[in-house]
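Numbering (my numbering), first residue to last: 3 to 79.
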Amino acid sequence: MNTNNLSKEAETRLINFFNNAIDPQEMAKSIRQVNYVLALGALRQHETIQNEITNLQNSFYWLNELAEVLNPYLDLD
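Quick look at the structure:
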């Protein structure tokens, strides 16, 4: 797992993006929708799954983690 810290410029850009450009809850919803569509597409292509299974698993995991950071959905009771 990469634990690099963001530069001040990257941090400022992210803050500006989420404060001015998009609602974090909407972004999380969009990430979940895209992740779902990507999963469906990947499941329909058996060759892709066999060749890129680790890469796909990591991508789906990290996209879901980002969505959870933006809008904790799975932690709700």
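Even glycine gets a Cβ: it sits at the ideal position worked out from N, Cα and C.
{"Item": "Can you tell me where the alpha helix (DSSP H) with Glu18 in it begins and where it stops?", "Value": "Per the sequence shown, the amino acid found at residue 18 is Asn instead of Glu. Per DSSP, Asn18 belongs to the alpha helix (DSSP H) from Lys10 to Asn18."}
{"Item": "Taking just the CA atoms, how far does Gln35 sit from Asn73?", "Value": "14 Å"}
{"Item": "Roughly how many angstroms lie between the CA atoms of Leu42 and Glu13, to the nearest whole one?", "Value": "33 Å"}
{"Item": "Nearest by alpha-carbon distance to Glu70: which of Val39, Lys31, Asn18 and Glu11 is it?", "Value": "Lys31"}
{"Item": "State the DSSP-derived secondary structure class of Ile24, mapped to helix, strand or coil.", "Value": "coil"}
{"Item": "As a quick exercise: from Leu58, Gln27 and Thr56, pick the residue whose alpha carbon is nearest that of Leu68.", "Value": "Gln27"}
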